[in-house]
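So the sequences go chain by chain: A and B. What the first sequence shows, in the numbering used here, is residues 150 to 354, in sequence order. What the second sequence shows, in the numbering used here, is residues 150 to 354, in sequence order. Quick reminder that beta carbons are idealized off the backbone N, C-alpha and C, glycines included. Structure record follows, encoded as structure tokens.
Protein chains: 2
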Amino acid sequence: MGIAERKEREKEELREQILTAAKTLFLKKGVEKTSIRNIADLIEYSPGSIYHYFKDKDEIFYALHQGGFQQLMSKMVVINDLPHPLERLKAMGSIYVHFALENPDMYDLMFIKEAPLDHVARTKALDWNEGEATFKFLRSTLRECMAQGYFQGHDEEALSFLIWSTVHGMVSLSIRRRCEVVLADRQDTIVKDGLDAFFNILDRL
Amino acid sequence: MGIAERKEREKEELREQILTAAKTLFLKKGVEKTSIRNIADLIEYSPGSIYHYFKDKDEIFYALHQGGFQQLMSKMVVINDLPHPLERLKAMGSIYVHFALENPDMYDLMFIKEAPLDHVARTKALDWNEGEATFKFLRSTLRECMAQGYFQGHDEEALSFLIWSTVHGMVSLSIRRRCEVVLADRQDTIVKDGLDAFFNILDRL
DNA sequence: TTTTGTTATTAAACACTGTTCAATTAAATT
DNA sequence: AATTTAATTGAACAGTGTTTAATAACAAAA
């Protein structure tokens, strides 16, 4: 039955086409200003066709945001070369921040926008695998730090959340332009300076 | 010329009516799902009328978000009773977090959504008075801490940004539902636990 | 009191949006 | 060649923010 497989392959191909078109447009204009009709125009199909491949607009951006997590995770692998867990933890922070500042729209989709999580909530899928894997990676690294005597007396889960919040807070204030006016003079360096200050504190903890 | 004044007053009244209608709807349905027509319906005017009082939709929500800052600032005054600057700093953090969790939609508008800052950018008003005042308040409190010997060797501005980022990170991850699945079992307490862990670190710094 | 000028208000229109659906076309199976 | 299945379409629906020409309301001047 090679035909069914070819059809399956063709269907997957168009699905991929829709996704890359959506990504191109969203990186250029943002999620809100990327319409189904825009995507349809770019791949030269009618708007209605899109709905044979995706349930709705949110599903498209949920699929896109999954790719973002793969991208982020692939950048994380380099930390395996670092033997010291605290160095690994700090390297993770650097990679996270750099990823966010280099791919602000993707980061926005992954951690700030409500669209992908709305989709998770609506499909009653109680898990958000992409985000969970990333958080578990942080937790296990922190656990290794604690096993070596760092951060004694702290709750591992709460501290993981606190660390995540700190880096997320810095980049999301930057991405959503809350620094531009409040810290206008050192706009470009404030996130890096904040991260350095954070690392300093982690070292002294 | 009492007539001109009365007209001015009437105009201001309708402006206020639009604002309260917008606030009611936005707290019930969110910014995106609150339309100009919804607001017009509620105050029993035509949609076009709104545009005699506000340039566009963003200007309405910019005005609303200003009210949010007044609300937040009014809650901050109680810290004046605390003589110790570090206690004041921690109290500020608590108030900030509580405000965010009790008024998630307003916090969203003030610190997460792009709408109000888009308005700032478009009107070429290089300052965002509301946000700046709040940040300056944090900075001055931190400066007092440092004057009393706390946080030695740190850059005051960078540390202010780091502290702001930490509390903002926690509440924004919570508001945008990134905790729900990743930390499902302690959803309700994780922000409080994170804040406690943060205070612990500040004490030991 | 009537005319003039200003301001407020409106309905209608424009160009969009996400989404649904009946009709059409295309392709594979019988 | 006829039938079934799947893909694609254009049109429609109900909504969006915003603009604009016409109208109504009202104060000031003649």
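**Prompt:** Taking Cβ to Cβ, would you say SER314 of chain A is nearer than 8 Å to ARG288 of chain A?
**Reply:** By 1-based counting over the first sequence, the position of residue 314 of chain A is 165. By 1-based counting over the first sequence, the position of residue 288 of chain A is 139. Taking 8 Å as the Cβ cut-off, SER314 of chain A and ARG288 of chain A do not qualify as a contacting pair.
**Request:** Verify the CB distance criterion: does MET319 of chain B have a CB-CB separation below 8 Å to chain A?
**Result:** Counting from 1 along the second sequence, the entry for residue 319 of chain B is found at position 170. By this cut-off, MET319 of chain B is an interface position.
**Item:** Residue from A:SER243, A:HIS214 and A:LEU213 with nearest C-alpha to VAL226 of chain A
**Value:** Position 77 of the first sequence, counting from 1, holds the residue named residue 226 of chain A. Nearest C-alpha to VAL226 of chain A: A:SER243.
**Request:** Apply the 10 Å Cβ neighbour rule to SER321 of chain A and answer buried if 16 or more other Cβ atoms are within range, or exposed otherwise.
**Result:** Residue numbering aside, residue 321 of chain A sits at position 172 when the first sequence is read from its first letter. It counts as buried.
**Prompt:** Whose Cβ in chain B lies nearer than 7 Å to the Cβ of HIS303 of chain A?
**Reply:** For the purposes of this step, residue 303 of chain A is taken as residue 154 along the first sequence, with counting starting at 1. Within chain B, the residues near HIS303 of chain A are ALA346.
**Asked** Would you say HIS201 of chain B and LEU258 of chain B are within 8 Å of each other, going by their C-beta atoms?
**Response** Sequence index remark: in the second sequence, residue 201 of chain B carries index 52 (1-based). Sequence index remark: in the second sequence, residue 258 of chain B carries index 109 (1-based). Against a cut-off of 8 Å, the Cβ pair of LEU258 of chain B and HIS201 of chain B comes out as no contact.
**Item:** Per-residue contacts from GLU263 of chain A into chain B (C-beta, under 8 Å)
**Value:** Position 114 of the first sequence, counted from the first residue, corresponds to residue 263 of chain A. Neighbours of GLU263 of chain A on chain B, chain order: ARG325 and ARG326.
**Item:** Euclidean distance between Cα positions of VAL246 of chain A and ALA307 of chain A
**Value:** The sequence position of residue 246 of chain A within the first sequence is 97, counting from 1. The sequence position of residue 307 of chain A within the first sequence is 158, counting from 1. Each residue's alpha carbon lies about 20 Å from the other.
**Item:** the stretch 261–274 of chain B contacting the stretch 204–212 of chain B, beta-carbon criterion three pairs below 8 Å
**Value:** yes
**Message:** What residue range does the alpha helix (DSSP H) around PHE347 of chain B cover?
**Reply:** If you number the second sequence from 1, residue 347 of chain B lands on position 198. Here the alpha helix (DSSP H) through PHE347 of chain B covers 339–352.
**Item:** Continuous alpha helix (DSSP H) stretch holding HIS214 of chain A: start and end
**Value:** Counting from one through the first sequence, the residue named residue 214 of chain A turns up at place 65. Note, HIS214 of chain A: alpha helix (DSSP H), 206–225.
**Item:** Spatial neighbours of LEU332 of chain B in its chain, beta-carbon cut-off 6 Å, leaving aside the 5 residues before and after
**Value:** Position 183 of the second sequence, counted from the start, is the residue given in the question as residue 332 of chain B. Same-chain partners within the cutoff: ILE339.
**Item:** Enclosing alpha helix (DSSP H) for GLU181 of chain A [first to last residue]
**Value:** Indexing the first sequence from 1 puts residue 181 of chain A at position 32. Run containing GLU181 of chain A: none; DSSP gives neither H nor E here.
**Request:** Hey, could you find the ends of the alpha helix (DSSP H) HIS247 of chain B is sitting in?
**Result:** In the second sequence, counting from the first residue as 1, residue 247 of chain B sits at position 98. HIS247 of chain B -> alpha helix (DSSP H) spans 234–251.
**Asked** Given a threshold of 16 other Cβ atoms within 10 Å of its Cβ, counted over all protein chains shown, does GLU157 of chain A qualify as buried or as exposed?
**Response** One-based indexing of the first sequence puts residue 157 of chain A at position 8. The residue is exposed, with fewer than 16 neighbouring Cβ atoms inside 10 Å.
**Message:** One question on the structure: do ASP304 of chain A and ASP352 of chain B come within less than 8 Å of each other, judged by their Cβ atoms?
**Reply:** Position 155 of the first sequence, counting from 1, holds the residue named residue 304 of chain A. Position 203 of the second sequence, counting from 1, holds the residue named residue 352 of chain B. No, they are not a contact pair.
**Asked** Using the beta-carbon of each residue, which ones in chain A are nearer than 8 Å to VAL269 of chain B?
**Response** Counting from one through the second sequence, the residue named residue 269 of chain B turns up at place 120. Going along chain A in sequence order, the residues near VAL269 of chain B (Cβ under 8 Å) are VAL330.
**Message:** Along the chain, where does the alpha helix (DSSP H) containing ASP334 of chain B start, and where does it finish?
**Reply:** What you label residue 334 of chain B is simply residue 185 of the second sequence in a count that begins at 1. Counting along the chain, ASP334 of chain B falls outside any alpha helix (DSSP H), and DSSP gives it neither H nor E.
**Asked** Cα separation between PRO196 of chain A and SER184 of chain B?
**Response** The residue labelled residue 196 of chain A in the question sits at position 47 within the first sequence. The residue labelled residue 184 of chain B in the question sits at position 35 within the second sequence. Spanning the two alpha carbons is a distance of roughly 25 Å.
**Message:** Among A:MET241, A:ILE188 and A:LYS262, whose alpha-carbon lies nearest the alpha-carbon of THR169 of chain A?
**Reply:** Taking the first residue of the first sequence as 1, we reach residue 169 of chain A at position 20. Checked all of A:MET241, A:ILE188 and A:LYS262; the closest Cα to THR169 of chain A is A:ILE188.
**Per-residue burial, ASP337 of chain B [other beta carbons within 10 Å of its own, 16 or more giving buried]** = Indexing the second sequence from 1 puts residue 337 of chain B at position 188. Looking at its Cβ environment, which holds fewer than 16 other Cβ atoms inside 10 Å, ASP337 of chain B is exposed.
**Item:** 8 Å contact criterion, which LEU291 of chain A and LEU238 of chain A should meet: CB distance rounded
**Value:** Sequence index remark: in the first sequence, residue 291 of chain A carries index 142 (1-based). Sequence index remark: in the first sequence, residue 238 of chain A carries index 89 (1-based). 6 Å between Cβ atoms; contact.
**Message:** For the alpha helix (DSSP H) containing ASP267 of chain B, name the first residue and the last one.
**Reply:** Taking the first residue of the second sequence as position 1, residue 267 of chain B is located at position 118. 264–271 is the extent of the alpha helix (DSSP H) around ASP267 of chain B.
**Message:** Out of A:GLN220, A:GLY298, A:TYR299 and A:GLU293, which one is the CA nearest neighbour of GLY280 of chain A?
**Reply:** As a first step, residue 280 of chain A is located in the first sequence; it is residue number 131 there, counting from the start. Among A:GLN220, A:GLY298, A:TYR299 and A:GLU293, the Cα nearest to that of GLY280 of chain A belongs to A:GLN220.
**Prompt:** By how many angstroms is the C-alpha of GLU162 of chain B removed from the C-alpha of MET150 of chain B?
**Reply:** Residue mapping note: residue 150 of chain B aligns to position 1 of the second sequence, counting from 1. Residue mapping note: residue 162 of chain B aligns to position 13 of the second sequence, counting from 1. Because MET150 of chain B sits at a pLDDT of 49, beneath the cut-off of 50, its placement in the model cannot be relied upon, and the point is left open.
**Message:** Mapping the DSSP letters down to three states, classify MET150 of chain B as helix, strand or coil.
**Reply:** Taking the first residue of the second sequence as 1, we reach residue 150 of chain B at position 1. Note that MET150 of chain B scores a pLDDT of 49, beneath 50, so its modelled location is shaky and nothing firm can be said.
**Asked** Quick one: what does DSSP say SER289 of chain A is sitting in, helix, strand or coil?
**Response** Here the question's residue 289 of chain A lines up with position 140 in the first sequence. It is helical.
**Request:** Please classify TRP277 of chain A: does DSSP put it in a helix, a strand, or coil?
**Result:** Within the first sequence, numbered from 1, the residue matching residue 277 of chain A stands at position 128. Coil at TRP277 of chain A, not helix or strand.
**Message:** If you measure between the beta carbons of ARG250 of chain A and SER323 of chain A, is that distance less than 8 Å?
**Reply:** Mapped onto the first sequence, residue 250 of chain A falls at position 101. Mapped onto the first sequence, residue 323 of chain A falls at position 174. Per the sequence presented here, residue 250 of chain A reads as Leu, with Arg not at that position. Cβ distance < 8 Å, so LEU250 of chain A and SER323 of chain A count as in contact.
**Prompt:** For chain B, is any of its Cβ atoms less than 8 Å away from the one on LEU322 of chain A?
**Reply:** Your numbering for residue 322 of chain A matches position 173 in the first sequence. Taking Cβ atoms only, chain B reaches closer than 8 Å to LEU322 of chain A, which makes this a yes.
**Message:** Counting only Cβ-Cβ distances shorter than 9 Å, please list the residues of the stretch 207–231 of chain B near chain A, keeping chain order.
**Reply:** none
**Message:** For a contact defined as C-beta to C-beta under 8 Å, what are the partners of LEU354 of chain B on chain A?
**Reply:** Looking up residue 354 of chain B in the second sequence gives position 205. In chain order: ILE350 and ARG353.
**Asked** Leaving out five residues before and five after LYS285 of chain B in sequence, what residues of the same chain have Cβ atoms less than 6 Å from its Cβ?
**Response** The count along the second sequence starts at 1 and reaches residue 285 of chain B at position 136. Around LYS285 of chain B: no qualifying Cβ.
**Request:** Answer with yes or no whether the minimum CB distance from SER243 of chain B to chain A is below 8 Å.
**Result:** Walking along the second sequence from the start, residue 243 of chain B turns up at place 94. By this cut-off, SER243 of chain B is not an interface position.
**Prompt:** Can you name the start and end residues of the alpha helix (DSSP H) that GLY318 of chain B belongs to?
**Reply:** The sequence position of residue 318 of chain B within the second sequence is 169, counting from 1. Per DSSP, GLY318 of chain B belongs to the alpha helix (DSSP H) from 305–324.
**Message:** Buried or exposed, going by whether 16 or more other CB atoms sit within 10 Å of the CB of HIS233 of chain A?
**Reply:** In the first sequence, the residue the question calls residue 233 of chain A occupies position 84. With fewer than 16 Cβ atoms within 10 Å of its Cβ, HIS233 of chain A is classed as exposed.
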